[in-house]
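Here's the structure, in structure tokens; my notes come after.
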Amino acid sequence: MSVTPPPLPKSSPGPPPLPRRKERTGGIPLPPLDLRLLAELPSLDLQARYLVDGFLSGRHRSPQKGSSVEFAEYRDYQHGDDLRRVDWRLFGRTDRLHVKQYEEETQLRVFVVLDTSASMNYTSRPDRLRKIEFARVTLAAIAALAHRQGDAFGLGLAGPDLGDFLRARCSVPHWRTFVGRLQGVAPTGHASLAKALEDLAEIIPGRSLVVIASDFYEETPRLEAALRRLRYDHHDLIGLHVLDPVEVDFDLDHGGFFVDLETGQQIKLDASSAREGYLERFEKYCTELDDLFHTVGGELARLRTDRAPFEALSHYLAQRKERCP
Amino acid sequence: MNWLFPGFLAAGLAIGLPVLLHILRSKPKTVLHFPSLRLLGQTAIRDTRKHRLRRLITLLLRCLIILLLAGAFARPFWINPGTAHRQVLLIAVDNSMSMQATGRWDTLRQQALHQLDQLNPGDQAALLVMQPHPAWLVPMTDDLNQVRSTLQAAKPAYEGTHYGPALQMASDALAATAGGEKTLFWLADEQQSGWQGTDFNQHLPAGLQVIFPAPAADVRRQASLTALEWPADGKRNQFQATIHLFQPLRDQRQIIITAHGQTIGRQPVTLEVGDNHVTIPLPADLKAQGLRVSLDPDDLPADDAAWISSEKPSAGSVLLDASDSTDFLTHALRATSRLATGGFEPSTLPATDWPRGAVALLRNPATFNPPAVDVLNRFFESSGAVWVFVDGSAGQTAWLKERGVQIVERPTPDDPEHLRDWDPDHPVLAAFSGQSMMPLLNVEFTHGFNLQGDALTPLASWPDGEIAIAEWSSNGRRMLITGFPPEREATNWPALPTFVPFVHQAVRWLGSFNNVRSEWKIGDTIPLHGKGIWKAIDALEAQQDATVTDRVRPSIPGLYEFVSGEKSAVYAVNPPAGESDLTPLQNSDQLDRLQSPVAQSQAQPAQTASLSDETSENQQRLWWWVLAICGLALLAELALANRTAM
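Protein chains in written order, with this note's numbering: chain A, 325 to 649; chain B, 33 to 678.
Following this line, the structure appears as structure tokens:
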């Protein structure tokens, strides 16, 4: 997935106007999403909507087209049933009261979990989104997509534990609350994602979709235990492994004091000499994460902050399709 | 480890520079925030340790390079313990004629061989022969068998004795040889005449032991034929023999005259100590190229035979033009009359034609102006020998220019100049043969002329390489040209002792071209006319004919003939007169001074030691290896420095 930034209009330095609905739904392809424009949007709400609109118009049509209310079967009237649901036409033919039963409409609960550890507060270039910003926008877009499709969405902020939690609902006020919570996220020091996920598993209803945006600098056994705990409650898991390009490529050619954003530990390092070893370890760690999510039955998408987060939305839609065929 | 130039080691202090730079170098100030050092930590720590180690190694390599460079310039060498304790024996062999005295050579050689037998494997020895010039028979070597066999095969010759140069050469060689115990075995009979001119106060190498072997047995019977002369009237019916008796006070001897291998006469004589002149009659009809006169053998048989050529030497005269100042040339020529080989009595230039066969010494400008120049030209064109002292006069310059010789006056120097590039093999310098050339090198010149011309053969040069003294030859005519006048205003040479022998040899050399001098001594360089065959008619030892050019230096007494084309000349070569006197050095204190060289050499121990050190260093050449290691260290430093850029 390549994102080519379009030329910025010189006369209008502010954010570009959002595309009109006709354009979004009429199949006219929009220009690729520009992360720089996304970053310049004033609010997370706008960012999420911009992202979702760009995603939907560029890749999919809305899944809300058509009705989801389908007839399922008749059953005998029982005392207490709502009389409005009695099929009176059938009563006229059979002289018996039957209740018309429709297939129940399922509402997806989407819980997005944002890792607020200090390691997420990193960007290798000032003009690039920090990892936590990238993750926040991505999760907000997923929530916006859920909201637009009538799914309930909730929020969990992973600090040292589950620091903040927002129950899953699907309403405009809830969306505003959701955006406000995300907007106010501040990176903490050391965070324990596994602990937060374990806490989350205790309080969210089963069969939810849990989208975790993190860099997963976590002890693998603990993380595995937390993920297995979520899967035990039949949650679907989507991991969004948010990485800065420097973390992936380690494209540093100078040395200096490297400071761990979480622990504050400093080491003097010659980047060029450490690059080979780092890349080897990083690849191994990514493989471990992939295996971990695959083992527990989840999915892991690796997102670079220099690219558009469409892959995350694709995973969300794929999961929703599985749950709502 | 020792150092030849330890002062260069001070350059090793330059290691302070990289150390200082290492300490003061700018530390990495870049702070890079990174999400987590989890994947970086172990790698970084390991790499950081490697990095620090590399930096430390780089620093050490830089220091090592500096130290190695300083060490290489300091020229390191090892003192081999074996070398330090090994013995070094130098045997200086006096091969002069006096060593042929009965029992002398065998006795002394036996002592030298015994000394050689005292050496152990690994020790070094050398064999130096003294005459005619000091030369190595066997240079310093570990091969003691070679030294032994060479010494056993050596035998004395007929040369005169000169100890001084041999002692100097042996001293220098031993000083330059590394070793613990150094011994100089002086295989010589300590002939008194041989020590003349030797500096007994010279400094011998430290630790050098000089062995003067036990003196030879007393000479009981010794006489020598010192001169054979034809009568002045030119007749060949008799000749006069001069016999010098050394031992005993009176002796009965018999003179035997031989011609062409046949005895033609015997004459008993009673000799008194000193010179005895004996007139020996000859048959009237004798036709022989020369005669051999011998005495019945005594303790030194080599000088009991002498030869006289039958050819009549044309006694050339020495002509000298007038001098306006002090006549140094006349004084020098007259001083030669006291020499054993005969002197010269100069005469003034005749107004008419000069006599053929004469040698003309020309120093007056008037000689080169008419009408004298016409006489000069006739004399010179008829193969006259000329010695020209250049004064820069117009007539002289023009006369020389006609003969292809240009004269250029030299600028007056601020300090006196000294001549260099003396040709020690030229007959003119025969008087200095085997002696130090320093007296000639020390002569001062304040006025002179450059000599230029293709026909010139230089004998000595000015400091800038221009010719100062030269030989000129063309069509049988020869000329000696000196680029300075014989005046005190131009040079101090006429007042120095070396002037007389130089003038004497120069006149002898010039005169020999026209005057066939037929009586020569061993050690003389005989000038010849061009190229020809030199063959022995009758000699003490058999010799093969030899092809010689211009000159020859016979080494065996005898009667010789030089044949060049249709011309031939007979030369009688007799033993050196001084060798017959077998009297050893009377003042033994002088030898004692040489016997205890350790105390005397304390004045210059560092110099002698440094000579040995330099020899060791030259043999080992460790500085090459040090430089090679330095190069490897430099490559390693370059490789590491590129990986320690931070």
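Where is the CB? At the ideal position from N, CA and C, for every residue including glycine.
Of the candidates Thr-311/B, Asn-401/B and His-292/B, the residue whose Cα lies closest to the Cα of Ala-571/B is His-292/B. Nearest to Arg-366/B by alpha-carbon distance, out of Thr-358/B, Gly-375/B and Asp-359/B, is Gly-375/B. In this structure Gly-478/A is in contact with Leu-490/A, their Cβ atoms being roughly 5 angstroms apart against a cut-off of 8 angstroms.
Residue-level contact by beta carbon holds for Asp-584/A and chain B, with a gap shorter than 8 angstroms.
The DSSP-derived three-state label of Phe-400/B is helix. Neighbours of Glu-612/A in chain B, taken as residues at a C-beta separation under 8 angstroms, are lacking, since the least C-beta distance is about 11 angstroms.
Minimum Cα-Cα distance from Leu-260/B among the listed residues Gln-254/B, Arg-252/B, Gln-270/B and Arg-86/B corresponds to Gln-270/B.
In this structure Asp-582/B is in contact with Gly-562/B, their Cβ atoms being roughly 7 angstroms apart against a cut-off of 8 angstroms.
Not a single unbroken stretch of the alpha helix (DSSP H) spanning 4 or more residues falls wholly within the segment 212 to 290 of chain B. At a cut-off of 8 angstroms, the C-beta of Thr-90/B has no neighbouring C-beta in chain A. Listed in chain order, the positions of the segment 420 to 453 of chain A with a beta carbon within less than 7 angstroms of a beta carbon of chain B are Ser-443 and Tyr-446. The C-beta of Gly-590/B has 16 or more other C-beta atoms within 10 Å across all chains shown, which makes the residue buried. The straight-line gap separating the alpha-carbon atoms of Phe-400/B and Phe-477/B is approximately 24 angstroms.
Nearest to Pro-448/B by C-alpha distance, out of Val-475/B, Met-470/B and Gln-438/B, is Val-475/B.
It is roughly 17 angstroms from the alpha-carbon of Met-162/B to the alpha-carbon of Thr-215/B. Between the segment 453 to 468 of chain A and the segment 624 to 638 of chain A, the count of Cβ pairs shorter than 8 angstroms is three or higher; the stretches touch. Shown here for Ile-528/A: same chain residues with a beta carbon closer than 6 angstroms to its own, the five before and five after excluded, namely Phe-435 in chain order. The alpha carbon of Leu-614/B has as its nearest neighbour, out of Val-63/B, Thr-173/B, Arg-70/B and Thr-193/B, the alpha carbon of Thr-193/B.
By the Cβ test, the segment 496 to 503 of chain B is not in contact with the segment 393 to 410 of chain B, since fewer than three Cβ pairs between them sit closer than 8 angstroms.
Within the segment 453 to 466 of chain A, Lys-455 place their CB atoms closer than 9 angstroms to a CB of chain B, listed in sequence order. Membership of Lys-519/A in the alpha helix (DSSP H) is indicated by the continuous run 517 to 527. The DSSP-derived three-state label of Met-511/B is strand. Those residues of the segment 567 to 594 of chain A placed with their C-beta closer than 9 angstroms to a C-beta in chain B are Leu-567, Asp-568, Val-570, Glu-571, Phe-574, Leu-576, His-578, Gly-579, Gly-580, Phe-581, Phe-582, Val-583, Asp-584, Leu-585, Glu-586, Thr-587, Gln-589, Gln-590, Ile-591, Lys-592, Leu-593 and Asp-594, ordered along the chain. Val-242/B and Gly-39/B have their C-alpha atoms spaced approximately 34 angstroms apart.
The Cβ atoms of Ala-417/B and Arg-510/B lie closer than 8 angstroms to each other. Counting C-beta pairs closer than 8 angstroms gives three or more between the segment 205 to 224 of chain B and the segment 119 to 135 of chain B, which meets the contact rule. DSSP, read as helix, strand or coil, puts Thr-611/A in helix.
Collapsing the DSSP output to three states places Thr-358/B in coil. Your pair Ser-225/B and Gly-610/B checks out as a contact, with CB atoms roughly 4 angstroms apart and the cut at 8 angstroms. When Leu-488/B, Phe-278/B, Leu-64/B and Leu-472/B are compared, the shortest CA-CA separation from Val-532/B is found for Leu-472/B. Going by C-alpha positions, Gly-622/A is about 13 angstroms away from Glu-612/A.
A buried status is given to Phe-594/B, since no fewer than 16 other beta-carbon atoms sit within 10 Å of its beta-carbon. By the Cβ test, the segment 44 to 54 of chain B is not in contact with the segment 549 to 559 of chain A, since fewer than three Cβ pairs between them sit closer than 8 angstroms.
Within the segment 42 to 67 of chain B, those residues whose Cβ lies closer than 8 angstroms to any Cβ of chain A are, in chain order, Pro-60, Lys-61, Thr-62, Val-63, Leu-64, His-65, Phe-66 and Pro-67.
Arg-70/B belongs to the set of residues whose beta carbon lies under 8 angstroms from a beta carbon in chain A.
If you ignore the 5 residues before and after Asp-335/B, its C-beta comes within less than 6 angstroms of the C-beta of Ser-256, Pro-607 and Ser-612, all in its own chain and listed in chain order.
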